[in-house]
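**Q** Here it is: the structure, laid out below.
Numbering (UniProt numbering), first residue to last: 1 to 278.
Here it is in structure tokens:
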């Protein structure tokens, strides 16, 4: 946003047009950031009579409530290069950055440091952390109570292998632990270094042009929407067929509301995505 040599008459344009051009040069959409599951996010606290889960916890004999605190997942980075914009573009770039109200700017790396936002970001749970290796049971940390409180996670990411090969266990996961999840991101072509964050780079999830599977209450099933016409050379055709089959298996199971009173209605969206470096 700082080089005007390719358009020397740019400065002669009206200010409103220049501002619009600068604004269009900024990212128009921010893809969901990825943070990585940590058992340290599970916290125990005494259950109180004022908690919505109090009666349920008493029925199962629990005096404590397990909470998953998403704020402990950490932050992600978004490079914006605001430090290198010229004076004409600075105000536009600064206003854009301020839209991220809780973000901090790291001038050394020209990046925004963004806290995990449960309304748009996703928590990635690798297969080996999700299931016990020997019997496929949910792998909760030692000492975590089975009375699990409501949490604010809306998006969870898993690999295609996890989603396709473990459908019944995934259903149990969402009923029991992350029961407010709206979207399951299914990562295709998982990068080998996906879990290797560093100080300067983060991961984000980018959609695939074939579309997403949306829950249709009137039909009682998921339906693929936003897809392009069938292409015999589509590299993701087989992946989508596998995911669609797993969806049918996953949501065919009954949701036991006596056992899990905070159980979700079926997840609203299953979106195949690619994980890329920001």
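The beta carbon of each residue, even a glycine, is placed where N, CA and C say it ideally should be. Given the structure is predicted, the values throughout are model-derived calculations rather than measurements.
Please classify residue 108 as buried or exposed, where buried requires at least 16 other C-beta atoms within 10 Å of its C-beta.
**A** exposed
**Q** Please report the straight-line C-alpha distance between residue 68 and residue 239, rounded to a whole angstrom.
**A** 31 Å
**Q** Helix, strand or coil: how does DSSP classify residue 2 here?
**A** Because the pLDDT of residue 2 is 49, which lies under 50, any placement of that residue in the model is unreliable, and the number read from its coordinates should be weighed accordingly. Note: residue 2 maps to coil in three-state DSSP.
**Q** Comparing C-alpha positions only, which one of 39, 231, 233 and 271 sits nearest to residue 247?
**A** Among 39, 231, 233 and 271, the Cα nearest to that of residue 247 belongs to 271.
**Q** For the segment 206-248, list the beta strand (DSSP E) runs that are entirely contained and at least 3 residues long, ordered along the chain.
**A** Within the segment 206-248, the complete beta strand (DSSP E) segments at least 3 residues long are 212-216 and 221-225, listed from N- to C-terminus.
**Q** Helix, strand or coil: which one does DSSP assign to residue 99?
**A** Residue 99 falls in the coil class under three-state DSSP.
**Q** Between the segment 215-224 and the segment 183-192, can you find at least three pairs of beta-carbon atoms closer than 8 Å?
**A** no
**Q** Using 10 angstroms around the beta-carbon of residue 279, count the other beta-carbons present and answer buried if the total reaches 16, otherwise exposed.
**A** This structure gives no information on residue 279, because the portion of the chain shown stretches from 1 to 278.
**Q** In whole angstroms, what separates the C-alpha of residue 64 from that of residue 39?
**A** 17 Å
**Q** With a CB to CB cut of under 6 Å and the five nearest residues on each side skipped, what residues in its chain are close to residue 26?
**A** 96
**Q** Taking the beta carbon of residue 151 as the centre, do at least 16 other beta carbons fall within 10 Å, making it buried, or is it exposed?
**A** Of the residues assessed, residue 151 falls on the buried side of the cut-off, its CB having 16 or more other CB atoms within 10 angstroms.
**Q** In terms of alpha-carbon separation, which member of 223, 209 and 88 lies closest to residue 231?
**A** 209
**Q** Can you tell which of 204, 163 and 181 has its C-alpha closest to the C-alpha of residue 249?
**A** 163
**Q** Starting from the Cα of residue 47, find the closest Cα among 41, 36, 35 and 62 and give me that residue.
**A** 62
**Q** Would you identify the three-state DSSP class for residue 105, choosing helix, strand or coil?
**A** strand
**Q** Between the beta-carbon of residue 22 and the beta-carbon of residue 89, is there less than 8 Å?
**A** yes
**Q** Given a threshold of 16 other Cβ atoms within 10 Å of its Cβ, counted over all protein chains shown, does residue 112 qualify as buried or as exposed?
**A** buried
**Q** What are the uninterrupted segments assigned as alpha helix (DSSP H) that are 4 or more residues long and contained completely in the segment 6-88, given in chain order?
**A** Fully enclosed alpha helix (DSSP H) runs of 4 or longer: 15-25 and 54-59.
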